[in-house]
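Under this note's numbering, the residues of the sequence shown are numbered 1046 to 1300, in order.
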Amino acid sequence: MSSRISYDLSGAVAIITGAGRGIGKAIALSLAAAQASVVVASRNGPDLDAVTAEIREAGGKAVPVVADLTSSEQIEHLVEVTVGECGRIDILVNNASTSHMAPLLEFSQKGWDRIFDTNCRGAFLLSRAAARKMIDQGGGKIINVTTVGAERGSMGMAAYNASKAALKMLTMCMAVEWAPYGINVNAVGPGLTRTEFSRPIWDHAERASRYLRAVPKGRVAEPEEIVGAVLFLASDASNFITGQSIYVDGGFLAS
Ligand SMILES: NC(=O)c1ccc[n+]([C@@H]2O[C@H](COP(=O)([O-])OP(=O)(O)OC[C@H]3O[C@@H](n4cnc5c(N)ncnc54)[C@H](OP(=O)(O)O)[C@@H]3O)[C@@H](O)[C@H]2O)c1
């Protein structure tokens, strides 16, 4: 093993879900800048085409694949296209997610299922499909994007927080089961980050100030600030780390 720490991802192939906008887009741009070939996935073709064009203009390699993670067929298709176009899968970032705010007493079963199917079952099915390929190759890295809400209760976010707490535990179980195959599985949990997803919080004066009172850094994160932890966990610099969650939250969970 080299004694020099490297974040270079040359030759690696990475799938990033939810890469059409927000944090997923920032992750895709960063992994591509680190020389990985990136497969960008979401349900929105024009979003993916724009991210692909941006990466290619910067000299990187990107392949857009439209896939709905609530569909097991579309998840299989995503993996088939990745292997067909790029030949391998070294890194999987399960970043795509959905939520809506509602009190538990009014939460519908349909809404609950949609959140769990996307955030938890989708990540499981895609990780399983990718891990089968990674095992053939001798290893890989899986990074699940969770949230500080996996550790704390909050009003109106029960299904989302529970789905992410389940994803955190899935991260630990996958890490345990797949370590013998050379697959590292970790999670990155952002605090409040300035994307469309969380606009109802950071763009709402009262909700934002209530949250920021609990953040030692005293501000919302930008999507690009979540990327460093993902890049670290995708790279050789983290080869002995598995089953962990890194929270990128300006100190929220520490306070
Ligand atoms: N922003 C925050 O404050 C914050 C805080 C903590 C954690 N996080 C986590 O960070 C990650 C990224 O969030 P973000 O803020 O960047 O959200 P975002 O801007 O809403 O992006 C979410 C992405 O997921 C995709 N997606 C949603 N449902 C999908 C489905 N069924 N199939 C495929 N793709 C789907 C969306 O694309 P389409 O809708 O076009 O398919 C979009 O590209 C999520 O895991 C989120 O839970 C965010």
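For glycine and all other residues, C-beta sits at the position ideal for the given N, C-alpha and C.
Problem set entry | Nearest-angstrom Cβ-Cβ length linking leucine 1237 and tryptophan 1247, presumed shorter than 8 Å | Position 192 of the sequence shown, counting from 1, holds the residue named residue 1237. Position 202 of the sequence shown, counting from 1, holds the residue named residue 1247. At roughly 6 Å, the Cβ-Cβ gap stays under 8 Å, so leucine 1237 and tryptophan 1247 are in contact.
Exercise. Between which two residues does the alpha helix (DSSP H) harbouring serine 1254 extend?
Worked result: Your numbering for residue 1254 matches position 209 in the sequence shown. Counting along the chain, the alpha helix (DSSP H) containing serine 1254 begins and ends at 1250–1257.
For this session: Report the rounded CA-to-CA distance for glycine 1056 versus glycine 1273, giving the unit in angstroms.
Result: Here residue 1056 is taken as the residue at index 11 of the sequence shown, counted from 1. Here residue 1273 is taken as the residue at index 228 of the sequence shown, counted from 1. Cα-Cα distance, rounded: 20 Å.
For this session: Pull up the CB-CB distance for alanine 1141 and glycine 1063, whole angstroms please, since I reckon it's below 8 Å.
Result: Taking the sequence shown and counting its residues from 1, one reaches residue 1141 at position 96. Taking the sequence shown and counting its residues from 1, one reaches residue 1063 at position 18. At roughly 3 Å, the Cβ-Cβ gap stays under 8 Å, so alanine 1141 and glycine 1063 are in contact.
Problem set entry | Per-residue burial, aspartate 1158 [other beta carbons within 10 Å of its own, 16 or more giving buried] | The count along the sequence shown starts at 1 and reaches residue 1158 at position 113. Note on aspartate 1158: under 16 other CB atoms within 10 angstroms of its CB, so exposed under the neighbour-count rule.
Exercise. What is the rounded straight-line gap between the Cα of lysine 1186 and the Cα of valine 1221?
Worked result: If you number the sequence shown from 1, residue 1186 lands on position 141. If you number the sequence shown from 1, residue 1221 lands on position 176. Cα to Cα, lysine 1186 sits roughly 13 Å from valine 1221.
For this session: Taking only heavy atoms of ligand 1 into account, decide whether any of them is closer than 6 Å to the Cβ of isoleucine 1068.
Result: Here residue 1068 is taken as the residue at index 23 of the sequence shown, counted from 1. Relative to ligand 1, the nearest heavy atom lies less than 6 Å away from the CB of isoleucine 1068.
Exercise. Who does asparagine 1089 pair with in a DSSP beta bridge?
Worked result: In the sequence shown, the residue the question calls residue 1089 occupies position 44. Asparagine 1089 pairs with nothing; no bridge assigned.
Exercise. Is DSSP giving isoleucine 1271 helix, strand or coil here?
Worked result: One-based indexing of the sequence shown puts residue 1271 at position 226. For isoleucine 1271, the three-state secondary structure derived from DSSP is coil.
Exercise. If we ignore side chains and look at the alpha-carbon of each, how far apart do isoleucine 1180 and tyrosine 1226 end up?
Worked result: Taking the sequence shown and counting its residues from 1, one reaches residue 1180 at position 135. Taking the sequence shown and counting its residues from 1, one reaches residue 1226 at position 181. So the alpha carbons of these two residues sit roughly 6 Å apart.
Exercise. Taking DSSP as the reference, what is the three-state secondary structure of valine 1111?
Worked result: For this step, residue 1111 is matched to residue 66 along the sequence shown. It is a strand residue.
Problem set entry | Where the alpha helix (DSSP H) containing tyrosine 1205 begins and where it ends | Residue 1205 sits at position 160 when you count from the first residue of the sequence shown. Bounds of the alpha helix (DSSP H) holding tyrosine 1205 are 1203–1223.
Problem set entry | isoleucine 1134 - containing beta strand (DSSP E), residue span | Here residue 1134 refers to the residue found at position 89 of the sequence shown. The continuous stretches of beta strand (DSSP E) do not include isoleucine 1134, and DSSP gives it neither H nor E.
Exercise. Going by the C-beta, is glycine 1063 closer than 6 Å to any heavy atom of ligand 3?
Worked result: Of the ligands this structure carries, namely ligand 1, none is ligand 3.
For this session: Report all residues from its chain with a CB closer than 7 Å to the CB of arginine 1197; omit the five preceding and five following residues, and keep chain order.
Result: Mapped onto the sequence shown, residue 1197 falls at position 152. Cβ within range, chain order: n/a, list empty.
Problem set entry | Under 7 Å between C-beta atoms of valine 1084 and valine 1110 | Along the sequence shown, one-based indexing puts residue 1084 at 39. Along the sequence shown, one-based indexing puts residue 1110 at 65. Taking 7 Å as the Cβ cut-off, valine 1084 and valine 1110 qualify as a contacting pair.
Exercise. Taking the DSSP output, what are the residues bridged to glycine 1234?
Worked result: Against the sequence shown, residue 1234 aligns to sequence position 189. Under DSSP, glycine 1234 takes part in a beta bridge, and its partners are Tyr1292.
For this session: Check the DSSP bridge columns for lysine 1106 and list the partner residues they point to.
Result: Position 61 of the sequence shown holds residue 1106. In the DSSP output, where bridge partners are listed per residue, lysine 1106 has Ser1082.
For this session: Find the nearest neighbour of lysine 1262 within the set Ser1300, Ser1087, Asp1135, judged by alpha-carbon distance.
Result: Here residue 1262 refers to the residue found at position 217 of the sequence shown. Cα-wise, what sits closest to lysine 1262 is Ser1300.
Problem set entry | For alanine 1168, the first and last residue of its enclosing alpha helix (DSSP H) | By one-based count along the sequence shown, residue 1168 stands at place 123. Residues 1167–1182.
Exercise. To the nearest whole angstrom, what separates the beta carbons of glycine 1184 and isoleucine 1228, a pair I think is in contact under 8 Å?
Worked result: Indexing the sequence shown from 1 puts residue 1184 at position 139. Indexing the sequence shown from 1 puts residue 1228 at position 183. About 6 Å separates the two Cβ atoms, so the contact holds.
For this session: May I ask you to check if the CB of threonine 1127 is nearer than 6 Å to at least one heavy atom of ligand 1?
Result: Translated into positions along the sequence shown, residue 1127 becomes position 82. Not under cutoff, so the answer is no.
Exercise. How long is the line joining the alpha carbons of serine 1087 and alanine 1103, rounded to whole angstroms?
Worked result: Within the sequence shown, numbered from 1, the residue matching residue 1087 stands at position 42. Within the sequence shown, numbered from 1, the residue matching residue 1103 stands at position 58. Distance between the alpha carbons of serine 1087 and alanine 1103: 21 Å.
Exercise. Would the beta-carbon of asparagine 1231 fall within 7 Å of that of glutamine 1289?
Worked result: By one-based count along the sequence shown, residue 1231 stands at place 186. By one-based count along the sequence shown, residue 1289 stands at place 244. Cβ distance < 7 Å, so asparagine 1231 and glutamine 1289 count as in contact.
Exercise. Shortest alpha-carbon distance to asparagine 1089 belongs to which of Ile1050, Ala1112, Ala1073?
Worked result: On the sequence shown, residue 1089 is found 44 positions in, with the first residue counted as 1. The candidate whose alpha carbon is nearest that of asparagine 1089 is Ala1112.
For this session: Could you please give the first and the last residue of the uninterrupted beta strand (DSSP E) stretch that includes isoleucine 1187?
Result: For the purposes of this step, residue 1187 is taken as residue 142 along the sequence shown, with counting starting at 1. Note, isoleucine 1187: beta strand (DSSP E), 1185–1190.
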